[in-house]
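Colleague: Chains as they are written, first to last, in our numbering: chain L, 32 to 418; chain V, 32 to 418; chain U, 24 to 349; chain A, 24 to 349.
Note that CB positions come from ideal geometry on N, CA and C, so glycine has one too.
Below is a structure I'd like to ask you about.
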Amino acid sequence: MTVEGTAARKPRRSSKRTSASATKAAGALSAEPQLVQLLTPEGERVQHPEYDIDLSPDELRGLYRDMVLTRRFDAEATSLQRQGELGLWASLLGQEAAQIGSGRALRDDDYVFPTYREHGVAWCRGVDPTNLLGMFRGVNHGGWDPTSNNFHLYTIVIGSQTLHATGYAMGVAKDGADSAVIAYFGDGASSQGDVAESFTFSAVYNAPVVFFCQNNQWAISEPTEKQTRVPLYQRAQGFGFPGVRVDGNDVLACLAVTRSALERARRGEGPTLVEAFTYRMGAHTTSDDPTRYRLDDERAAWEAKDPILRLRTYLEKERLADAAWFEELEAESESLGKRVREAVRAMPDPEHMAMFDHVYADGHALVDEERAQFAAYQASFADGEDK
Amino acid sequence: MTVEGTAARKPRRSSKRTSASATKAAGALSAEPQLVQLLTPEGERVQHPEYDIDLSPDELRGLYRDMVLTRRFDAEATSLQRQGELGLWASLLGQEAAQIGSGRALRDDDYVFPTYREHGVAWCRGVDPTNLLGMFRGVNHGGWDPTSNNFHLYTIVIGSQTLHATGYAMGVAKDGADSAVIAYFGDGASSQGDVAESFTFSAVYNAPVVFFCQNNQWAISEPTEKQTRVPLYQRAQGFGFPGVRVDGNDVLACLAVTRSALERARRGEGPTLVEAFTYRMGAHTTSDDPTRYRLDDERAAWEAKDPILRLRTYLEKERLADAAWFEELEAESESLGKRVREAVRAMPDPEHMAMFDHVYADGHALVDEERAQFAAYQASFADGEDK
Amino acid sequence: MAVQKLPLAKALNESLRKALETDPKVLVMGEDVGKLGGVFRVTDGLQKDFGEERVIDTPLAESGIVGTAIGLALRGYRPVVEIQFDGFVFPAYDQIVTQLAKMHARALGKIKLPVVVRIPYGGGIGAVEHHSESPEALFAHVAGLKVVSPSNSSDAYWMLQQAIQSDDPVIFFEPKRRYWDKGEVDTEAIPGELHKARTVREGTDLTLAAYGPMVKLCLEAAAVAAEEGRSVEVLDLRSMSPIDFDAVQASVEKTRRLVVVHEAPVFYGSGAEIAARITERCFYHLEAPVLRVGGYHAPYPPARLEEEYLPGLDRVLDAVDRSLAY
Amino acid sequence: MAVQKLPLAKALNESLRKALETDPKVLVMGEDVGKLGGVFRVTDGLQKDFGEERVIDTPLAESGIVGTAIGLALRGYRPVVEIQFDGFVFPAYDQIVTQLAKMHARALGKIKLPVVVRIPYGGGIGAVEHHSESPEALFAHVAGLKVVSPSNSSDAYWMLQQAIQSDDPVIFFEPKRRYWDKGEVDTEAIPGELHKARTVREGTDLTLAAYGPMVKLCLEAAAVAAEEGRSVEVLDLRSMSPIDFDAVQASVEKTRRLVVVHEAPVFYGSGAEIAARITERCFYHLEAPVLRVGGYHAPYPPARLEEEYLPGLDRVLDAVDRSLAY
Ligand SMILES: Cc1ncc(C[n+]2csc(CCOP(=O)(O)OP(=O)(O)O)c2C)c(N)n1
Ligand SMILES: Cc1ncc(C[n+]2csc(CCOP(=O)(O)OP(=O)(O)O)c2C)c(N)n1
Ligand SMILES: [Mg+2]
Ligand SMILES: [Mg+2]
């Protein structure tokens, strides 16, 4: 994964890809995106006039460790899918900095609304990674308690969680709390009406919510140009709140920008849109075959911008971590992989009757009737065996 | 209707009304709206650096005539509703300039997608005004042939027509035609997901469509601040196309701005959002009671900006029309009112069986069955009478 | 004081007021619910008394209304959402069907979504398109939702109380053409169960089952039938999900004939479900097939045709005759 | 050449290709239908051959997809829209129900909306949430829509041709778990009518009626029943709106027993409509109530439970036994 390379290191500009039909006039609107960066792909620490961050060596190592362990977990899940232990997996490969940076910006009392790919954010929230695997294995639809880590269930219907986040944030404001809410979504999701409506509601009610868009350049097979002809972060302005584009492969910048947006929310200044400019290094999910729609070159260029590699370079250069530390982390990685593997294999199938559970909180006569019928039906086979 | 007055003549700025919760940071985004104006409320012709228009006396009189006749028609419909001839009426009072200005900017081959209030645009398209009344009388749901005047049916589900307009415009582009499409919608509608999606689609496909938002300050009882905290025209920019705010009570400015946006569409430069800043002088519909939610003062201030009055002042001052001409128009108005009144009263109720017509173009077995059953059922009463 | 004669809309208003008073977590949200008090005045005066933080005028976006209500419920609130008219619930349909209905199960019960979606529904008020729909079957088919409809002021008051107290999402269909009908409300009564049917007229020859706006019509039909010597029982189903099949079965075992009446189109309507299940339960009791009276498979017609489209007295009596002719 | 053995998905692909070739107004649109060829490859190779102007990758917004398809249809095009999975049609539900279904009637027939909405539907493929829904009843209840579902490759090919040629909006449900099942397609045959049922196995003791993915299951059940000496007739309904009640009636008048099988939840499902209407039509013929086998009133379960949730061979045979026991 840690590939050296000298390929183009500057983030590709959306405008370059704007479809032929897009006009000059439109092009003129899409000024050079202001990409916030604090750590270059080469591992150089750079300054930014608006965003800065001062982290202790411990904190820096912590971010590195988070990214490495998240990647390890993700790789394990991918291979568990190949082994048939999971039905599907949506890999976050390449998006570790966006997720760890934003995830580590959160306070415990902040609330997270993820898509289906925020395994790194879940990690930061302290969600046991094996909890994430139930739905991909097909034993539940999520099933964890969102309130125990303030990490909502994964949402598959694209964009719909942005409204839940907005409503939750409206509630936070009503409570007079100074917590904030973060809603994750993708570049593709930006086209959904629900996302626009969440922008409208959050702006009108001045809700303490951060919209964190991971622009990983692809929505399955569709490049971002199929969703917009100007950089996505600009979308916010027309709704009356700021948008900012951050280097999504730079964990420091993601942390700084998200923290600032969260603080803004806490101060009662309302929503912010953060566009983390990153790349989906793998397939959309394990069911997908990206060779049908994208060129290897593109991936190679992004490998040179790997979020983990650049922080390693920096840690090494600045002597913030030694070989022993890296080795220890490697061992920790392996044991995480092993633990996840074992946990998944031990995950029992649900009881058949479980499908009638939790349809309603207060019960429903028909569910009771069908449950009883089903039980009798199943019992009829047992009876048959007896005879 | 033509009320003199010295009340504040400058358009009220949205920002003034921004709810207390909106923050300074957001306020900073909402710069002074650039309101395009060519004719002041006092009837002074002013210049604008970007938009100008040169109209013959005939054309100027024509615009005035359109507005007067539209207002007369509208008043007639309101009184027909009071007399019980219509079930409901949605008055355009106060929005004549926005509708006539934009409507007269269109070419015959352009296509219009209205809401339920574009009686003035319908007039410009040559739709017989009585055609508009069927749905308000309850004899049909519209029923006119949209293709005969390139004026689509009224759409009641807020915002949905903006997508139809976008699709239609995509088709125009596919055909290689240089026609344009215009979609009308309101300030309230701007919050609907469909409107945002139409912005996305039209931008991505560079569709030749003009989004014409009549910001009449109210969505039934809700002021525009319940929909947005920045001026609506700014919404477009985040989708990658220009937005412009025009004095919606200035028929010249509305004509100039819409014409320019249509030309842009024809040139293949894609969509434009026009926000016509105007005012709903009457109730939302005849079912509504605006005294419950807004103050008379506000209406009074807007009366001073009346779109018809200012053009009349200008025509008189410049001696472009004499008393005889105004009198003749008055007579024409009265005869239009009479014609509409008579036409509505003569409008027959639909045949009962008509409810089974046009459910499908190619027929449907169940509709046939139900039609036959209904006919037999009705016949059973006739039989009963015979006996 | 506890017993008042109130129009149905006013009973709902009192019920909302009670809920807002009792539970600080209850919120009322929707388009024009504030100063205007809703287009039917069901929320009249509530914003004035409970403030903009609890009675919330929302942007004009139904998906947004329901979606943010879900978020508010996750934060511990109990939002009561108003959809302005039946025909405008569909932009919110995705949020209702894929999120509101399923989230409790998705979390294996670890979260609850006490959201009430109030929808004025049905025709008969001479309205324009989209203002007279009866889409209840489109919600009742969806597991995770409860679907109810009161037919009178007392039920309006109490069923709304119960819906708000329920920890499940409830789609609350209000019979808009009965908003102005007055009925007694005893605000200190002990209410019946939310999902139980009620026998509103006893009879022995045939059962008419209905809910919402059609209950009154069925009572009228039963009265006319009585003059003709026929004893018709009328059931107010009150709940379309779950349906109180036990009550219908008990009635049909007695009367042996059933006619279901609703405004919604018959095709794939709630009458189909009732007919199918009751036929299964009462196969040997039924002397006639379950008959259905409802809307046709056609878009709700313009106002001047709605009388023909909607079930009326004659059509109900015709079905009664046809059933008794078996 | 005219007769080929094709997987169902490939038959659809050939049908789209044929339509694109024959009529320049036909468009294919949806998420990932271009280079990827759709997540199920139903549109494989079409963009390559017909270009981006006719095979259109859309933004990720289903309401936008259907809404713009309506506009394109108004401009004279015949869009064939792909919804990626059954569970993602709901953001488009408003456009489908309030616009697509009603616009022809709203215009008193003066405009037509030849739009096909293709939806891969149903379970049995081990997928995550929202990827296994069977929402056909939610469309069939709505006047103005036609709703069909092929069960085999030949119907897939021909019914899609006919749906595209239809001047009405057609919701075209594709049985995704049968995509890989091969069947003969005669591209020069004279197809049957789009909305007529087909008897796929003759029998005398009982009728099984199904559509889409459940037809194959019913054929298997009939084969097992035959071994047990029971002659089961199997009807492929093919169309859920309209439903070919005449064909069901004719079969039931012969067999006197009917079991309807679908994956969708039984409660308010298409089986209810069929049971209600056929009971009315065949009241004196039926020796048992119409029985229904389908999904439960619960969200579609996680993959490891779907076998229990879905109708399987045993559940169908159980219903056959129960019916014959009357
Ligand atoms: C409403 C809806 N439509 C379609 C899908 C199918 N789908 C799943 S993921 C996806 C692409 C999402 O792209 P993006 O938002 O960029 O997120 P990413 O997968 O890149 O993280 C699509 C179309 C869905 N889940 N929900
Ligand atoms: C989807 C939908 N929701 C609600 C309504 C009810 N409704 C009709 S008009 C209206 C307000 C529209 O305001 P705006 O868009 O500003 O247009 P205006 O009436 O001011 O011209 C509302 C809420 C509707 N017609 N459609
Ligand atoms: Mg993406
Ligand atoms: Mg308005």
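1. Give every residue of the same chain whose Cβ lies closer than 7 Å to the Cβ of residue 188 of chain L, excluding the five residues on either side of it in the sequence, and list them in chain order.
2. At a CB-CB cut-off below 9 Å, which residues of chain A make contact with residue 176 of chain V?
3. Quick check on the DSSP output: the alpha helix (DSSP H) that includes residue 156 of chain U runs from which residue to which?
4. Can you give me the C-alpha to C-alpha distance between residue 410 of chain V and residue 386 of chain V, rounded to a whole angstrom?
5. Please confirm whether residue 191 of chain L has its beta-carbon closer than 9 Å to some beta-carbon of chain U.
6. Which residues have a Cβ closer than 7 Å to any heavy atom of ligand 4, listed in chain order?
7. Any chance you could list the beta strand (DSSP E) runs of at least 3 consecutive residues sitting entirely within the segment 42-88 of chain A, in chain order?
8. Would you call the CB atoms of residue 28 of chain U and residue 205 of chain U closer than 9 Å?
9. Excluding sequence positions up to five away, which residues of its chain have a Cβ less than 7 Å from the Cβ of residue 349 of chain L?
10. Scan the segment 132-199 of chain U and note each continuous beta strand (DSSP E) run of 3 residues or more that stays entirely inside, going in chain order.
11. Mind listing which residues of the segment 151-181 of chain U have their C-beta closer than 9 Å to chain V's C-betas, in chain order?
12. Straight-line CA distance for residue 332 of chain L to residue 375 of chain L?
13. Under a CB-based cut-off of 9 Å, is residue 315 of chain U close to chain A?
14. Among A/316, A/304, A/306 and A/129, whose alpha-carbon lies nearest the alpha-carbon of residue 290 of chain A?
15. On the DSSP bridge assignment, give the partners of residue 213 of chain L in chain order.
16. In whole angstroms, what is the alpha-carbon distance linking residue 67 of chain L and residue 264 of chain U?
17. Going along the chain, which residues of its own chain have a beta-carbon closer than 6 Å to the beta-carbon of residue 169 of chain A, five neighbours each way excluded?
18. Looking only at C-alpha atoms, which of A/44, A/81, A/38 and A/47 sits nearest to residue 59 of chain A?
19. For residue 170 of chain V, which residues in chain U fall below 9 Å Cβ to Cβ?
20. Compare the C-beta of residue 61 of chain L against all C-beta atoms of chain U and say whether one is closer than 9 Å.
21. May I ask you to list, following chain order, the residues of the segment 82-94 of chain U that have a beta carbon less than 9 Å from some beta carbon of chain V?
22. Taking three-plus beta-carbon pairs below 8 Å as touching, is the segment 237-244 of chain V in contact with the segment 187-202 of chain V?
23. Cβ closer than 7 Å: which chain A residues qualify as neighbours of residue 396 of chain V?
24. Let's see if you can read the secondary structure: which residues bound the beta strand (DSSP E) around residue 192 of chain V?
25. Tell me whether residue 107 of chain A, by its Cβ, gets closer than 8 Å to a heavy atom of ligand 1.
26. Please go through the same chain and pick out, in chain order, the residues whose beta-carbon is closer than 8 Å to the beta-carbon of residue 167 of chain L, but skip the five residues on each side of it.
27. Along chain V, in chain order, which residues have C-beta atoms closer than 7 Å to that of residue 291 of chain A?
28. Quick one: Cα of residue 209 of chain L to Cα of residue 143 of chain L, how far?
29. Residues of the segment 103-130 of chain A in Cβ contact with chain L at a cutoff of 9 Å, in chain order, please.
30. How long is the line joining the alpha carbons of residue 102 of chain V and residue 65 of chain V, rounded to whole angstroms?
31. Counting Cβ pairs, one atom from each stretch, are 3 or more of them under 8 Å apart for the segment 123-139 of chain L and the segment 301-312 of chain L?
32. Would residue 331 of chain A count as contacting chain U if we go by Cβ distances under 9 Å?
33. Taking a Cβ distance cut-off of 8 Å, strictly less, list which residues of the segment 255-284 of chain L are near chain V, in chain order.
34. Output yes if chain L places a C-beta closer than 9 Å to the C-beta of residue 141 of chain A; else output no.
35. I'd like to know whether the C-beta atoms of residue 84 of chain A and residue 231 of chain V end up nearer to each other than 9 Å.
36. In the structure shown, what three-state DSSP assignment does residue 58 of chain L receive?
Modeller: In terms of the structure at hand:
1. none
2. 130, 131, 133 and 134
3. No alpha helix (DSSP H) contains residue 156 of chain U, which DSSP labels as neither H nor E.
4. 17 Å
5. yes
6. V/217, V/218, V/219, V/245, V/246, V/247, V/248, V/249, V/250 and V/311
7. 49-53 and 78-80
8. yes
9. none
10. 139-144, 169-171 and 193-198
11. 151, 152, 153 and 154
12. 34 Å
13. yes
14. A/316
15. L/143 and L/241
16. 53 Å
17. 191, 193 and 264
18. A/81
19. 325, 326, 327 and 328
20. Residue placement at residue 61 of chain L is poorly supported in this model, since its pLDDT is 35, which falls under 50; the coordinates still yield a value, given next. Chain U, which has no Cβ nearer than 9 Å to the Cβ of residue 61 of chain L, makes this no.
21. 82, 83, 84, 85, 86 and 87
22. yes
23. 218 and 265
24. Here residue 192 of chain V belongs to no beta strand (DSSP E); instead the alpha helix (DSSP H) covers 191-206.
25. yes
26. 108, 112, 117, 118, 119, 120 and 121
27. Within 7 Å Cβ-Cβ: nothing; residue 291 of chain A doesn't reach chain V, min ~18 Å.
28. 15 Å
29. 107, 110, 111, 113 and 114
30. 28 Å
31. yes
32. no
33. 256, 257, 258, 259, 260, 261, 265, 266, 267, 268, 269, 270, 271, 272, 273 and 274
34. no
35. yes
36. Because residue 58 of chain L carries a pLDDT of 33, less than 50, the predicted location of this residue cannot be relied on, and the following value inherits that uncertainty. Helix.
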